[in-house]
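Residue numbers (this note's numbering): 521 to 655. We put the CB at the ideal spot given by N, CA and C, even for glycine.
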């Protein structure tokens, strides 16, 4: 397995809210972080909610999102093989289908998934998916 880490949206939310330890890990140049490209739209769509939760100004939230985005390499979802999409859907469908793109990318890149979502971790482990990044 490569030392590539697929980062999901809840990690980025934690980065913004109080993730000092997560920010330190993300700052390490040696660890390559990747995510499906759609996450960029999701982050900016939720920027007002992030602003309200953090009490940061709009500009501060946008600056923080920009600095995080600059540290992550984004992959086009349509470059992921159909086989990995199918397997990811099989793994996620009865846990949380919204996580399918992250799992598909982890499978495609033979990478680990970094998530704070315990429900998806438990559900995937029951199906023998053990590719998690634990900090």
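In the DSSP annotation of this structure, residue 655 is not part of any alpha helix (DSSP H), being labelled neither H nor E. A Cβ-Cβ contact shorter than 8 angstroms links residue 634 with residue 526. In this structure, DSSP gives residue 587 a helical state, which the three-state scheme calls helix. Just so you know, the alpha carbons of residue 600 and residue 578 end up roughly 34 angstroms apart. Excluding the 5 residues flanking it on each side, residue 593 has same chain C-beta neighbours closer than 6 angstroms at 554, in chain order.
In this structure, residue 589 keeps its C-beta atom at 8 angstroms or more from the C-beta atom of residue 536.
623 is the residue among 597, 623, 596 whose C-alpha sits nearest the C-alpha of residue 609. Taking C-alpha positions only, residue 574 is separated from residue 564 by approximately 15 angstroms. By the neighbour-count definition (other C-beta atoms within 10 Å, threshold 16), residue 568 is an exposed residue.
Under the DSSP assignment, residue 569 falls in the alpha helix (DSSP H) whose first and last residues are 567-574.
Remark: C-beta atoms of residue 631 and residue 524 approach each other more closely than 8 angstroms.
Rounded to whole angstroms, residue 652 and residue 625 show a C-alpha spacing of 13 angstroms.
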